[in-house]
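Numbering (the numbering used here), first residue to last: 1 to 97. The C-beta atom is built at its ideal place from N, Cα and C for all residues, glycine as well. Model, not experiment: these values are computed from the prediction. Some notes on the structure that comes next.
Below is the structure:
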């Protein structure tokens, strides 16, 4: 029994790529307001980066590293909890996760 339409996995991968900016924002929100944080993309590349030159305490550093996983765990949870009959949603969420 199919629970995923393979064509929609590509749509999910594209959605995941578009969410990379959100992923980088989740890295940046941990820094205090006094820190200078730059969010952008590298020249001629499809990579987004967060640049900051500010010392973080261990707890904030761990949070900064783990917080962006939220943007991948939410589609995975939706995929796990959705009906096996919703082939479009399953494919998109599987690709995005």
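- Whole-angstrom Cβ separation of residue 67 and residue 26, contact assumed at under 8 Å? By one-based count along the chain shown, residue 67 stands at place 67. By one-based count along the chain shown, residue 26 stands at place 26. Yes, they are in contact, since the Cβ atoms of residue 67 and residue 26 sit about 5 Å apart, within 8 Å.
- Message: Nearest by alpha-carbon distance to residue 32: which of 56, 7, 90, 93 is it?
- Response: Here residue 32 is taken as the residue at index 32 of the chain shown, counted from 1. Comparing Cα positions, the closest option is 56.
- Message: Once DSSP output is grouped into helix, strand and coil, what is the label at residue 29?
- Response: For the purposes of this step, residue 29 is identified with residue 29 of the chain shown, where counting begins at 1. Looking at residue 29 - three-state DSSP - the assignment turns out to be coil, as it is neither helix nor strand.
- Range of the contiguous beta strand (DSSP E) that encloses residue 79: Translated into positions along the chain shown, residue 79 becomes position 79. No beta strand (DSSP E) contains residue 79, which is instead part of the alpha helix (DSSP H) from 70–81.
- Item | Span of the alpha helix (DSSP H), counted from its first residue to its last, around residue 11 | As a first step, residue 11 must be located in the chain shown, where it is residue number 11. Run containing residue 11: 6–18, per the alpha helix (DSSP H) assignment.
- Message: Which same chain residues end up closer than 6 Å to residue 15 when comparing Cβ atoms and leaving out the 5 residues on each side of it in sequence?
- Response: Counting from one through the chain shown, the residue named residue 15 turns up at place 15. A distance below 6 Å between beta-carbons, with the five flanking residues on each side excluded, links residue 15 to the following residues of its chain, in chain order: 96.
- Output the distance between the C-alpha atoms of residue 3 and residue 30, rounded to the nearest integer angstrom. If you number the chain shown from 1, residue 3 lands on position 3. If you number the chain shown from 1, residue 30 lands on position 30. CA-to-CA, the gap between residue 3 and residue 30 works out to about 37 Å.
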